[in-house]
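**Student:**
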Amino acid sequence: MRVNRKAVLWTLALVGFILLPQVITVKYYLHLSILALCWVIAAQGQNLIQGYTGYVSIVQAGFMGIGAYSSTLLGLHFDLPVWLTLLLAPCVTAIFAVITGYPSLRVKGHYFAVVTLAFNLVIFIVLMNWHELTQGEGGITGIPSPGGEDGWFDWSDRQTYYYFVLIVAVLMTGLAALIVRSRVGQILISVRQNETLVGAIGISAWKYKLFAFVASAMYAGLAGAVYAHYQSFINPEIFGVAQSLDAILAVIVGGSGTIAGPVIGAFFVVFLPEYLRFADSFRLILYGLALVLATIFMPRGIVGLVDDAWRRILARRS
Amino acid sequence: MKLLATLTAAIALASTAAFAAEKTLDIGVSDALTGGAAVYGLPQANAVKMAAQEINAAGGIKVGQDNYMLNVIAYDDKANPTEASNSVRKLIDRDGVKFILGFCCSGATGAVASFIEGEDAVMLVGNAAERSITTREIPNLVRTRPPADYTGAAAGTFVAEKGHKKVAVLGALDVGFYASYVDAFEKELNKAGGEIITRESFGLKDRDMTPQLTKIRELDPDAILVVGYVEPAAFIYRQAVELGIDVPRYGFTSGSEEQFLRVATPEQMEGVWDLRPTELTLLSASENGVAYHKNYSEKYGIAPSPSSPYAYDQTYALKDAIESAGTVDDVAAVAKALRSLQVPDEVVMQYLPVQGKMFDVNGQAYTSNGAFQWQDGNWVFVQDLPSDAAAYSSYLSTID
Amino acid sequence: MIEILQQIINGVAIGGVYVLIALGLTTVFGILGIAHFAHGSVSMFGGYLTFFLVVTWGLPLFAAILIAIVVGLVLGVLIELLAYRPVRHASHINAFIVALGLTMMVEGLNLEFFGHEQVVIPTDLSRVFEIGGVTIPELRLYVIIAAAVLIGAMTIFVEKTKTGQAIRAVAQNRDAAILMGVNVNTIPIVVFSISTALGVCAGVMVGSLFAIAPGIGEGLVVKGFAVLILGGLGSIPGAVVGGLVLGITEALAAGFISSAYKDVIAFLAMILVLLVRPQGLMGKA
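As structure tokens, this is what we get:
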């Protein structure tokens, strides 16, 4: 009975997403939706390391930056087509993830978080200062969209890009579901619940943690690359620690350790600031307050809330 | 009965005529209203609002029979490229705005410039100094502030003429336009046989530059060039004195007396040069400038930043362009009118027209560059820097 | 030689600030296990408040500092009671997220009350001492001395007073401490009070030697955590060593390698220590 309910909900959601552009009248909200879908990809990645493995990493935006710049620069310098650079970007990010994951995973908990934060800062500083490679703060403009001008689709139409990102997001969400349901996923969850026990059974937790870290980085790299080809402009500003905090927020508010959570969280993170647009220092206070209250009163996120409400309805029926 | 009908008709006619005469024109501002760059962005937003108020008080913008009262919608881009694209898209898509002003910061502005050409809007750029913003031949974009390397070259010539041969540079070199200022400066310095002996960096949030200055002290330069944001730069000037460095200090930072005196004493600042566009400096301002300074200070309770008039002037340029084009809807016509505009009477900055017009073929305006020096607690205008707007304009057109 | 000495002196002052921030962090982190990210912003609040009291109300510096410490104490205790206590028994990720939210709130409060321009607490200390080519401004010297005094006071408190010993007991073994009659509910309040008081002092030092501006608090707290990693958690000597090492490394890196990448070099040094000795330079294995 439960499996059927979930399948129904997911199908409904999918239909909703497909119909979204037809329903939105103001183009601006379509733009936000595309950004939100990029964040869905990044948040699914964050969820793998944070929600399932239990290690909060603060470097997701840094990896998005590596993905974005890899895809852009590979296309620029080697004249590679966009579809190829989009596939290469997560691979380049994976290399960086292995390099950063190795020292970071030697420690746990808050230490791990701070070390990953330091790496995010390093990535940011290098992107800003290595002018010859990245053009620093001025950024790179004119990043091409996935299709040529005379291709099959009209890439200047925002709708086209929306469906493209939707397909990618759906694929990556499906992949996350597969990972989580597999043996690997079960081990990750065990690591979160009791890491010492995992080691005691004879499983090398370390390998699986590294896998989760690298996988989450690859998700981020892909999200960054997709973003770059949409905005056609990138600069280091948007790949800093503040954006990594957004990834964490998306997972927490949506529902940590669930597959639906990051989807909801990503839209929350992109759309909420829009509704808090009044006096800006006020907005910062409210945003922080929302975070604090959400963590205290709804620690399992929106998915958790919905789940609890559903349970209560079912309990009352029977 | 007939009298009542006539009266009603008369009132209806009169009110229609009154409504037809006064309309509202929404204009947008996208700028850094909070965060580290707010020292540049917020005064610009304030300047636009003040100009709009003045224009409204004088009867608004006249197009045909209608008077348009300006309504300013300002969004905070926090100097962040994604936020800036969001703000601008919101202004265009959701608020129906066609004229967007402000733009203090290069990264955010570059992001918007990369898509504005395909939009039904006109973009007026202010303080953002990254050169590539006006090299891409975007017909619906103009900028009131000259690119940094235009000023850098003039500064290089000036410093070379002072006889300096070994200059140490301490700058916010991760920022493109500051680096381009230094590059242009270096070219002119090299021509006169001088050289830059070192390039040290600092960031927007740094306040302790003693390590960099210690290294510079060791290298024994005959002058120092400080290029970057005013808030950390003030600390550089103070810490240089504390470390015992007493060679001439040249800078490209802008910044009011108040901003520097928060950090350093007048004695520590004595003799410091600022080689920059002739922005708003009270002791050398035009009549418009003096009035602007007075009005802004009264309205907002704090002195205007020296670069805020770039946005004030944008508003008046826009007004003149709309009136000249005779439309608030035909964006292409207004963009064209901007390109053929003469310098409006109400502007505060002192522009050098290119071929009689305020903006050149790239949409770039030029102000004169000046050498300012801190004397006795005030910035004093000493002399013009040797700058050639026409020559630079042609040079700009050759860049891709 | 002079250049190296000068760079080391340069690094000691900023290192002293890092030590103070790290002490505030290690107190809360080591004893309560909370990564109190908002510590930087709260410290800046203390600095801003001192500035306001001195400049707008004309109070003498020491009075202003005392008042700021008291107000800071209240703020710190409120944070403990309202924000961290509710999530005390939940997963540690929750406390972390609460800390992030608090950081935003305090930064927002600072912006709302004190504006976006940088502020500098005025002192009349502008003499510069010179010893054999190495210069040190008077203010810097006092900051170093003040930091040393505070560190000493902190050490005495933790080693010699009853409250200090109670705190260490709770840190080592909470259940045993309860059995021994230590009141476990007041300990967090005491801990946060100490931490915030130290933070306000750090904020005053940053505000008088450098400046307080939006965003500086967050930068400091990251460096503070880096010091904890370098020096070892829960160790006061570790915080001192870590802070000085970080400050001096930054100065030497900026002076001799590259000023653009000085933060990168400092963080890489931290990561190196992590690889070689994960418990920190002075931590127990």
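Protein chains in written order, with numbering that gives the first Met the number 0: chain A, 0 to 317; chain B, 0 to 399; chain C, 0 to 284.
Just so it is clear, CB atoms sit at the ideal spot from N, CA and C, and this is done for glycine as well.
If the cut is a Cβ gap below 8 Å, which residues of chain C does residue 248 of chain B touch?
**Tutor:** What you label residue 248 of chain B is simply residue 249 of the second sequence in a count that begins at 1. Here the premise fails: no neighbours, minimum Cβ distance about 17 Å.
**Student:** From the beta carbon of residue 401 of chain B, is the nearest beta carbon of chain C less than 9 Å away?
**Tutor:** Residue 401 of chain B is absent from the model: chain B starts at 0 and stops at 399.
**Student:** Measure the alpha-carbon distance for residue 258 of chain C versus residue 172 of chain B and round it to whole angstroms.
**Tutor:** Within the third sequence, residue 258 of chain C is the residue found at index 259, counting from 1. Within the second sequence, residue 172 of chain B is the residue found at index 173, counting from 1. Cα-Cα distance, rounded: 10 Å.
**Student:** Please list the terminal residues of the continuous beta strand (DSSP E) segment that includes residue 197 of chain B.
**Tutor:** As a first step, residue 197 of chain B is located in the second sequence; it is residue number 198 there, counting from the start. If you look at residue 197 of chain B, you'll find it in the beta strand (DSSP E) that goes 194-200.
**Student:** Where residue 61 of chain B and residue 67 of chain B are concerned, what is the direct C-alpha to C-alpha distance, given to the nearest angstrom?
**Tutor:** Within the second sequence, the letter at position 62 stands for residue 61 of chain B. Within the second sequence, the letter at position 68 stands for residue 67 of chain B. Rounded to the nearest angstrom, the two C-alpha atoms are 6 Å apart.
**Student:** Check the Cβ-Cβ distances between residue 107 of chain C and every residue of chain A, and say whether any is below 9 Å.
**Tutor:** Stepping through the third sequence from its first residue, residue 107 of chain C is reached at position 108. Taking Cβ atoms only, chain A reaches closer than 9 Å to residue 107 of chain C, which makes this a yes.
**Student:** For chain C, is any of its Cβ atoms less than 9 Å away from the one on residue 195 of chain A?
**Tutor:** Walking along the first sequence from the start, residue 195 of chain A turns up at place 196. No, residue 195 of chain A lies away from the interface with chain C (no Cβ there is under 9 Å from its Cβ).
**Student:** Determine the direct distance from the alpha carbon of residue 52 of chain C to that of residue 246 of chain B, and round the result to whole angstroms.
**Tutor:** To locate residue 246 of chain B, count along the second sequence from 1; it is residue 247. To locate residue 52 of chain C, count along the third sequence from 1; it is residue 53. When rounded, the distance between both Cα atoms is 37 Å.
**Student:** Locate the alpha helix (DSSP H) running through residue 248 of chain C, then write down its first and last residues.
**Tutor:** Numbered from its first residue, the third sequence carries residue 248 of chain C at position 249. Where residue 248 of chain C is concerned, the enclosing alpha helix (DSSP H) starts and stops at 235-251.
**Student:** In whole angstroms, give me the CA-to-CA distance for residue 282 of chain A and residue 300 of chain A.
**Tutor:** Here residue 282 of chain A is taken as the residue at index 283 of the first sequence, counted from 1. Here residue 300 of chain A is taken as the residue at index 301 of the first sequence, counted from 1. Those two C-alpha atoms are separated by around 21 Å.
**Student:** For a contact meaning CB atoms closer than 7 Å, what does residue 207 of chain B contact in chain C?
**Tutor:** Counted from its first residue, the second sequence places residue 207 of chain B at position 208. Residues of chain C with a Cβ closer than 7 Å to the Cβ of residue 207 of chain B are, in chain order, 13 and 209.
**Student:** Could you tell me whether the Cβ atoms of residue 74 of chain B and residue 84 of chain B are closer together than 9 Å?
**Tutor:** Start at 1 with the first residue of the second sequence, and residue 74 of chain B comes out as number 75. Start at 1 with the first residue of the second sequence, and residue 84 of chain B comes out as number 85. Cβ distance not < 9 Å, so residue 74 of chain B and residue 84 of chain B don't count as in contact.
**Student:** Whole-angstrom Cβ separation of residue 145 of chain B and residue 366 of chain B, contact assumed at under 8 Å?
**Tutor:** Working through the second sequence from its first residue, we reach residue 145 of chain B at position 146. Working through the second sequence from its first residue, we reach residue 366 of chain B at position 367. The pair is a contact, with the Cβ atoms about 6 Å apart (cut-off 8 Å).
**Student:** For residue 371 of chain B, list the residues DSSP reports as bridge partners.
**Tutor:** Translated into the one-based positions of the second sequence, residue 371 of chain B becomes position 372. B/273 and B/380, per the DSSP bridge assignment.
**Student:** Grab me the residues of residue 261 of chain B's own chain with a C-beta within less than 8 Å of its C-beta, minus the 5 sequence neighbours each way, in chain order.
**Tutor:** To locate residue 261 of chain B, count along the second sequence from 1; it is residue 262. Around residue 261 of chain B: 233.
**Student:** Closer than 8 Å by beta-carbon distance: list the chain C residues that pair up with residue 173 of chain B, in chain order.
**Tutor:** What you label residue 173 of chain B is simply residue 174 of the second sequence in a count that begins at 1. Within 8 Å Cβ-Cβ: 259.
**Student:** List, in order along the chain, the chain C residues whose C-beta lies closer than 8 Å to that of residue 128 of chain A?
**Tutor:** The residue given as residue 128 of chain A occupies position 129 in the first sequence. Taking the beta carbon of residue 128 of chain A as reference, the chain C residues within 8 Å of it are 259 and 260, listed in sequence order.
**Student:** Measuring straight from C-alpha to C-alpha, what distance separates residue 299 of chain B and residue 94 of chain A?
**Tutor:** In the second sequence, residue 299 of chain B corresponds to position 300, counting from 1. In the first sequence, residue 94 of chain A corresponds to position 95, counting from 1. For residue 299 of chain B and residue 94 of chain A, the distance between alpha carbons rounds to 52 Å.
**Student:** For a quick check, are the C-beta atoms of residue 120 of chain B and residue 103 of chain B less than 9 Å apart?
**Tutor:** Numbered from its first residue, the second sequence carries residue 120 of chain B at position 121. Numbered from its first residue, the second sequence carries residue 103 of chain B at position 104. For residue 120 of chain B and residue 103 of chain B, no; Cβs fall outside 9 Å.
**Student:** With residue 214 of chain B as the anchor, note down where its alpha helix (DSSP H) starts and where it stops.
**Tutor:** Working through the second sequence from its first residue, we reach residue 214 of chain B at position 215. DSSP places residue 214 of chain B in the uninterrupted alpha helix (DSSP H) bounded by 209-218.
**Student:** Rounded to whole angstroms, what is the Cα-Cα separation between residue 318 of chain A and residue 56 of chain B?
**Tutor:** No statement about residue 318 of chain A is possible, as the shown extent of chain A runs from 0 to 317 and does not include it.
**Student:** Report the rounded CA-to-CA distance for residue 335 of chain A versus residue 50 of chain A, giving the unit in angstroms.
**Tutor:** What is shown of chain A runs 0 to 317, which leaves residue 335 of chain A out entirely.
**Student:** Going by DSSP in three states, residue 231 of chain B sits in which element: helix, strand or coil?
**Tutor:** Residue numbering aside, residue 231 of chain B sits at position 232 when the second sequence is read from its first letter. Note: residue 231 of chain B maps to helix in three-state DSSP.
**Student:** Using the beta-carbon of each residue, which ones in chain A are nearer than 7 Å to residue 86 of chain C?
**Tutor:** For the purposes of this step, residue 86 of chain C is identified with residue 87 of the third sequence, where counting begins at 1. 294 and 295, listed in chain order.
**Student:** What are the complete alpha helix (DSSP H) segments, minimum 4 residues, inside the segment 200-260 of chain A?
**Tutor:** Counting whole runs of 4 or more residues, the segment 200-260 of chain A contains the alpha helix (DSSP H) stretches 204-230 and 240-253.
**Student:** Does residue 160 of chain B get closer than 9 Å to chain A when you measure Cβ to Cβ?
**Tutor:** Residue 160 of chain B sits at position 161 when you count from the first residue of the second sequence. Taking Cβ atoms only, chain A never reaches closer than 9 Å to residue 160 of chain B, which makes this a no.
**Student:** Can you list, in chain order, the residues of its chain with a C-beta nearer than 8 Å to that of residue 383 of chain B? Leave out the 5 residues immediately preceding and following it.
**Tutor:** As a first step, residue 383 of chain B must be located in the second sequence, where it is residue number 384. Result list for residue 383 of chain B: 277, 367, 368, 369 and 370, in chain order.
**Student:** Going along the chain, which residues of its own chain have a beta-carbon closer than 7 Å to the beta-carbon of residue 244 of chain C, five neighbours each way excluded?
**Tutor:** Walking along the third sequence from the start, residue 244 of chain C turns up at place 245. Answer for residue 244 of chain C: 229, listed in chain order.
**Student:** Can you find a C-beta in chain B that's less than 9 Å from the C-beta of residue 98 of chain A?
**Tutor:** Working through the first sequence from its first residue, we reach residue 98 of chain A at position 99. Not an interface residue.
**Student:** Taking only beta-carbon positions, decide if residue 89 of chain B is within less than 9 Å of chain F.
**Tutor:** The question asks about chain F, but that chain is absent: this structure's protein chains are A, B and C.
**Student:** Check whether the Cβ of residue 17 of chain B lies closer than 9 Å to any Cβ atom in chain C.
**Tutor:** Stepping through the second sequence from its first residue, residue 17 of chain B is reached at position 18. Bear in mind that the predicted position of residue 17 of chain B carries a pLDDT of just 48, short of 50, making it too unreliable to give a figure here.
**Student:** What are the partner residues of residue 341 of chain B, as DSSP defines its beta bridges?
**Tutor:** Numbered from its first residue, the second sequence carries residue 341 of chain B at position 342. Looking at the DSSP assignment, residue 341 of chain B forms no beta bridge with any residue, so it has no partner.
**Student:** Measuring only the C-alpha atoms, how far is residue 167 of chain C from residue 190 of chain A?
**Tutor:** Reading the third sequence from its first residue, position 168 is the one you call residue 167 of chain C. Reading the first sequence from its first residue, position 191 is the one you call residue 190 of chain A. If you take the alpha carbons of residue 167 of chain C and residue 190 of chain A, they lie about 30 Å apart.
**Student:** Between which two residues does the alpha helix (DSSP H) holding residue 188 of chain C run?
**Tutor:** As a first step, residue 188 of chain C is located in the third sequence; it is residue number 189 there, counting from the start. Per DSSP, the continuous alpha helix (DSSP H) segment holding residue 188 of chain C begins and ends at 185-208.
**Student:** Helix, strand or coil, according to DSSP, for residue 17 of chain B in the structure here?
**Tutor:** Within the second sequence, numbered from 1, the residue matching residue 17 of chain B stands at position 18. Residue placement at residue 17 of chain B is poorly supported in this model, since its pLDDT is 48, which falls under 50; the coordinates still yield a value, given next. Reduced to three states, the DSSP call for residue 17 of chain B is helix.
**Student:** State yes or no: is the beta carbon of residue 131 of chain A nearer than 9 Å to at least one beta carbon in chain B?
**Tutor:** Start at 1 with the first residue of the first sequence, and residue 131 of chain A comes out as number 132. Residue 131 of chain A does not count as touching chain B.
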